[in-house]
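Student: The structure is given below, and queries will be raised subsequently.
In our numbering, the protein residues as written are 374 to 579.
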(Lines of atoms letter the chains of each structure in order from A and count residues from 1; the text may use other names and numbers.)
(Lines give C-alpha, C1' and ligand atoms only; values in the text may rest on other atoms or scores of the structure.)
Protein backbone atom coordinates (compact mmCIF):
# COMPACT_ATOMS: atom_id res chain seq x y z
CA UNK A 1 0.00 0.00 0.00
CA UNK A 2 2.82 2.36 0.92
CA UNK A 3 4.56 1.65 -2.40
CA UNK A 4 1.36 2.48 -4.32
CA UNK A 5 0.99 5.76 -2.46
CA UNK A 6 4.61 6.65 -3.23
CA UNK A 7 4.14 5.93 -6.94
CA UNK A 8 0.95 7.97 -7.00
CA UNK A 9 2.66 10.88 -5.26
CA UNK A 10 5.56 10.66 -7.72
CA UNK A 11 3.21 10.77 -10.73
CA UNK A 12 1.42 13.79 -9.31
CA UNK A 13 4.76 15.51 -8.70
CA UNK A 14 5.95 14.73 -12.24
CA UNK A 15 2.66 16.01 -13.66
CA UNK A 16 2.90 19.26 -11.71
CA UNK A 17 6.56 19.62 -12.67
CA UNK A 18 5.76 19.14 -16.36
CA UNK A 19 2.93 21.66 -16.14
CA UNK A 20 5.40 24.22 -14.80
CA UNK A 21 7.87 23.43 -17.57
CA UNK A 22 5.16 23.90 -20.20
CA UNK A 23 4.06 27.20 -18.70
CA UNK A 24 7.66 28.45 -18.62
CA UNK A 25 8.20 27.29 -22.20
CA UNK A 26 5.02 29.07 -23.28
CA UNK A 27 6.52 32.25 -21.83
CA UNK A 28 9.64 31.87 -23.97
CA UNK A 29 11.90 29.82 -21.69
CA UNK A 30 13.98 27.77 -24.15
CA UNK A 31 15.63 25.72 -21.40
CA UNK A 32 12.21 24.61 -20.13
CA UNK A 33 11.26 23.43 -23.62
CA UNK A 34 14.56 21.60 -23.99
CA UNK A 35 13.80 19.75 -20.76
CA UNK A 36 10.44 18.70 -22.22
CA UNK A 37 12.22 17.46 -25.34
CA UNK A 38 14.69 15.44 -23.27
CA UNK A 39 11.83 13.76 -21.41
CA UNK A 40 10.26 12.45 -24.60
CA UNK A 41 13.00 12.40 -27.24
CA UNK A 42 13.67 8.65 -27.13
CA UNK A 43 9.99 7.73 -27.35
CA UNK A 44 9.42 10.03 -30.32
CA UNK A 45 12.52 8.85 -32.16
CA UNK A 46 11.58 5.22 -31.55
CA UNK A 47 8.03 5.83 -32.79
CA UNK A 48 9.29 7.51 -35.98
CA UNK A 49 11.77 4.72 -36.64
CA UNK A 50 9.16 2.00 -36.20
CA UNK A 51 6.74 3.89 -38.44
CA UNK A 52 9.24 4.60 -41.22
CA UNK A 53 11.93 1.95 -40.87
CA UNK A 54 14.62 4.43 -41.84
CA UNK A 55 16.93 6.13 -39.34
CA UNK A 56 17.58 9.25 -41.39
CA UNK A 57 13.88 9.82 -42.01
CA UNK A 58 13.15 9.12 -38.35
CA UNK A 59 15.56 11.89 -37.35
CA UNK A 60 13.82 14.24 -39.77
CA UNK A 61 10.45 13.39 -38.22
CA UNK A 62 11.94 13.90 -34.75
CA UNK A 63 13.15 17.39 -35.67
CA UNK A 64 9.91 18.34 -37.44
CA UNK A 65 7.84 17.09 -34.51
CA UNK A 66 9.55 19.20 -31.88
CA UNK A 67 9.75 22.21 -34.18
CA UNK A 68 5.98 22.00 -34.69
CA UNK A 69 5.51 21.46 -30.96
CA UNK A 70 7.59 24.55 -30.16
CA UNK A 71 5.67 26.70 -32.63
CA UNK A 72 2.30 25.41 -31.41
CA UNK A 73 3.04 25.36 -27.69
CA UNK A 74 1.21 28.62 -27.11
CA UNK A 75 -2.01 26.86 -28.14
CA UNK A 76 -1.52 23.96 -25.74
CA UNK A 77 -4.44 24.08 -23.28
CA UNK A 78 -3.66 21.15 -20.94
CA UNK A 79 -6.70 19.25 -22.21
CA UNK A 80 -4.44 16.21 -22.63
CA UNK A 81 -0.98 15.35 -21.37
CA UNK A 82 2.01 16.84 -23.17
CA UNK A 83 3.04 13.24 -23.90
CA UNK A 84 -0.22 12.53 -25.77
CA UNK A 85 -0.10 15.89 -27.54
CA UNK A 86 3.45 15.51 -28.85
CA UNK A 87 2.80 11.87 -29.82
CA UNK A 88 -0.14 13.06 -31.93
CA UNK A 89 2.14 15.54 -33.69
CA UNK A 90 4.77 12.83 -34.29
CA UNK A 91 2.26 10.37 -35.71
CA UNK A 92 0.86 12.99 -38.09
CA UNK A 93 4.35 13.96 -39.29
CA UNK A 94 5.23 10.26 -39.73
CA UNK A 95 2.07 9.68 -41.76
CA UNK A 96 2.93 12.68 -43.95
CA UNK A 97 6.32 11.13 -44.66
CA UNK A 98 4.72 7.79 -45.51
CA UNK A 99 2.34 9.51 -47.95
CA UNK A 100 5.20 11.38 -49.61
CA UNK A 101 7.16 8.15 -49.87
CA UNK A 102 4.22 6.41 -51.54
CA UNK A 103 3.83 9.26 -54.02
CA UNK A 104 7.54 9.10 -54.81
CA UNK A 105 7.37 5.35 -55.33
CA UNK A 106 4.48 5.77 -57.76
CA UNK A 107 6.39 8.41 -59.73
CA UNK A 108 9.53 6.28 -59.82
CA UNK A 109 7.55 3.23 -60.87
CA UNK A 110 6.07 5.21 -63.75
CA UNK A 111 9.53 6.38 -64.84
CA UNK A 112 10.87 2.84 -64.72
CA UNK A 113 8.03 1.58 -66.89
CA UNK A 114 8.40 4.32 -69.51
CA UNK A 115 12.20 4.51 -69.77
CA UNK A 116 14.72 1.74 -70.39
CA UNK A 117 18.08 1.71 -68.59
CA UNK A 118 19.57 -1.76 -69.18
CA UNK A 119 22.85 -0.89 -67.47
CA UNK A 120 21.28 0.70 -64.41
CA UNK A 121 19.32 -0.87 -61.48
CA UNK A 122 15.62 0.03 -61.42
CA UNK A 123 15.06 3.10 -59.30
CA UNK A 124 12.13 1.48 -57.51
CA UNK A 125 14.42 -1.40 -56.45
CA UNK A 126 16.98 1.08 -55.13
CA UNK A 127 14.29 2.88 -53.14
CA UNK A 128 12.93 -0.35 -51.72
CA UNK A 129 16.42 -1.29 -50.57
CA UNK A 130 16.84 1.98 -48.68
CA UNK A 131 13.56 1.59 -46.81
CA UNK A 132 14.21 -1.87 -45.37
CA UNK A 133 12.53 -2.00 -42.03
CA UNK A 134 14.38 -3.59 -39.13
CA UNK A 135 14.54 -3.51 -35.37
CA UNK A 136 16.21 -5.56 -32.64
CA UNK A 137 13.15 -7.76 -32.03
CA UNK A 138 12.83 -8.77 -35.66
CA UNK A 139 16.55 -9.38 -36.16
CA UNK A 140 16.18 -12.30 -33.75
CA UNK A 141 14.16 -14.06 -36.43
CA UNK A 142 16.64 -13.27 -39.17
CA UNK A 143 16.70 -10.90 -42.10
CA UNK A 144 14.44 -13.03 -44.29
CA UNK A 145 11.61 -13.19 -41.76
CA UNK A 146 12.02 -9.48 -41.02
CA UNK A 147 11.61 -8.68 -44.71
CA UNK A 148 8.46 -10.79 -44.91
CA UNK A 149 6.99 -9.02 -41.89
CA UNK A 150 7.79 -5.68 -43.47
CA UNK A 151 6.01 -6.76 -46.64
CA UNK A 152 3.04 -7.81 -44.50
CA UNK A 153 2.94 -4.40 -42.80
CA UNK A 154 2.68 -2.77 -46.22
CA UNK A 155 -0.70 -4.45 -46.70
CA UNK A 156 -2.15 -2.42 -43.82
CA UNK A 157 -3.83 0.94 -44.17
CA UNK A 158 -2.07 3.94 -42.61
CA UNK A 159 -4.24 3.88 -39.51
CA UNK A 160 -4.08 0.11 -39.10
CA UNK A 161 -0.30 0.24 -39.23
CA UNK A 162 -0.20 3.21 -36.87
CA UNK A 163 -2.31 1.44 -34.23
CA UNK A 164 -0.33 -1.79 -34.61
CA UNK A 165 2.97 0.06 -34.18
CA UNK A 166 1.79 2.09 -31.19
CA UNK A 167 0.35 -0.96 -29.45
CA UNK A 168 3.02 -3.58 -30.10
CA UNK A 169 6.20 -1.53 -30.44
CA UNK A 170 5.48 1.47 -28.25
CA UNK A 171 3.43 -0.49 -25.70
CA UNK A 172 0.71 2.16 -25.48
CA UNK A 173 -2.75 1.40 -24.15
CA UNK A 174 -5.64 1.47 -26.61
CA UNK A 175 -7.23 4.38 -24.78
CA UNK A 176 -4.13 6.54 -25.31
CA UNK A 177 -3.82 5.38 -28.93
CA UNK A 178 -7.39 6.53 -29.47
CA UNK A 179 -6.55 9.92 -27.98
CA UNK A 180 -3.46 10.25 -30.18
CA UNK A 181 -5.59 9.51 -33.24
CA UNK A 182 -8.23 11.98 -32.11
CA UNK A 183 -10.64 9.08 -31.86
CA UNK A 184 -11.89 6.58 -29.28
CA UNK A 185 -10.52 3.49 -27.59
CA UNK A 186 -13.10 1.37 -29.41
CA UNK A 187 -12.03 2.73 -32.80
CA UNK A 188 -8.38 1.99 -32.00
CA UNK A 189 -9.38 -1.52 -30.93
CA UNK A 190 -11.16 -2.09 -34.24
CA UNK A 191 -8.13 -0.92 -36.23
CA UNK A 192 -5.88 -3.22 -34.20
CA UNK A 193 -8.19 -6.18 -34.80
CA UNK A 194 -8.24 -5.57 -38.55
CA UNK A 195 -4.46 -5.12 -38.64
CA UNK A 196 -3.90 -8.38 -36.75
CA UNK A 197 -6.29 -10.27 -39.03
CA UNK A 198 -4.59 -8.95 -42.18
CA UNK A 199 -1.10 -9.74 -40.91
CA UNK A 200 -2.10 -13.24 -39.85
CA UNK A 201 -3.74 -13.91 -43.23
CA UNK A 202 -0.70 -12.61 -45.12
CA UNK A 203 1.89 -14.50 -43.09
CA UNK A 204 0.03 -17.83 -43.24
CA UNK A 205 0.37 -17.73 -47.04
CA UNK A 206 4.17 -17.65 -46.81
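C-beta: ideal position from N, C-alpha, C; glycine also. None of these values were measured; they are calculated from a predicted model.
On the criterion of 16 or more Cβ atoms from any shown chain inside 10 Å, does residue 555 qualify as buried, or is it exposed?
Tutor: By the beta-carbon neighbour count (other beta carbons within 10 angstroms, threshold 16), residue 555 is exposed.
Student: Taking residue 522 as the reference, give the member of 568, 467, 449 with the closest Cα.
Tutor: 568
Student: Would DSSP call residue 578 helix, strand or coil?
Tutor: In the structure shown, residue 578 sits in coil (DSSP, three-state: anything other than H, G, I, E or B).
Student: If we count the other Cβ atoms within 10 Å of its Cβ and call it buried at 16 or more, is residue 398 buried or exposed?
Tutor: By the neighbour-count rule (16 or more Cβ atoms within 10 Å), residue 398 is buried.
Student: Who are the Cβ neighbours of residue 545 in its own chain at under 6 Å, not counting the five residues just before and after it?
Tutor: Same-chain partners within the cutoff: 539.
Student: Which same chain residues end up closer than 6 Å to residue 460 when comparing Cβ atoms and leaving out the 5 residues on each side of it in sequence?
Tutor: So the qualifying residues of the chain are 553.
Student: For residue 430, count the other beta carbons within 10 Å of its own beta carbon; 16 or more makes it buried, fewer makes it exposed. Which is it?
Tutor: Looking at its Cβ environment, which holds 16 or more other Cβ atoms inside 10 Å, residue 430 is buried.
Student: Let's see if you can read the secondary structure: which residues bound the alpha helix (DSSP H) around residue 409?
Tutor: Segment 403–425, the alpha helix (DSSP H) holding residue 409.
Student: Do the CB positions of residue 410 and residue 434 come within less than 8 Å of each other?
Tutor: Taking 8 Å as the Cβ cut-off, residue 410 and residue 434 do not qualify as a contacting pair.
Student: How would you label residue 505, buried or exposed, when you count the other beta carbons within 10 angstroms and need 16 or more for buried?
Tutor: With a pLDDT of only 42 at residue 505, under 50, the local geometry of the prediction cannot be trusted, and the value read off the model is given with reservation. Residue 505 comes out exposed.
Student: DSSP three-state label for residue 452, please.
Tutor: Residue 452 carries a coil assignment under DSSP once its states are collapsed to helix, strand and coil.
Student: Give every residue of the same chain whose Cβ lies closer than 7 Å to the Cβ of residue 421, excluding the five residues on either side of it in the sequence, and list them in chain order.
Tutor: 431, 434, 435, 463, 467
Student: Please report the straight-line C-alpha distance between residue 423 and residue 394, rounded to a whole angstrom.
Tutor: Roughly 28 Å between the two C-alpha positions.
Student: Where does residue 537 land, buried or exposed, given buried means 16+ other C-beta within 10 angstroms?
Tutor: buried
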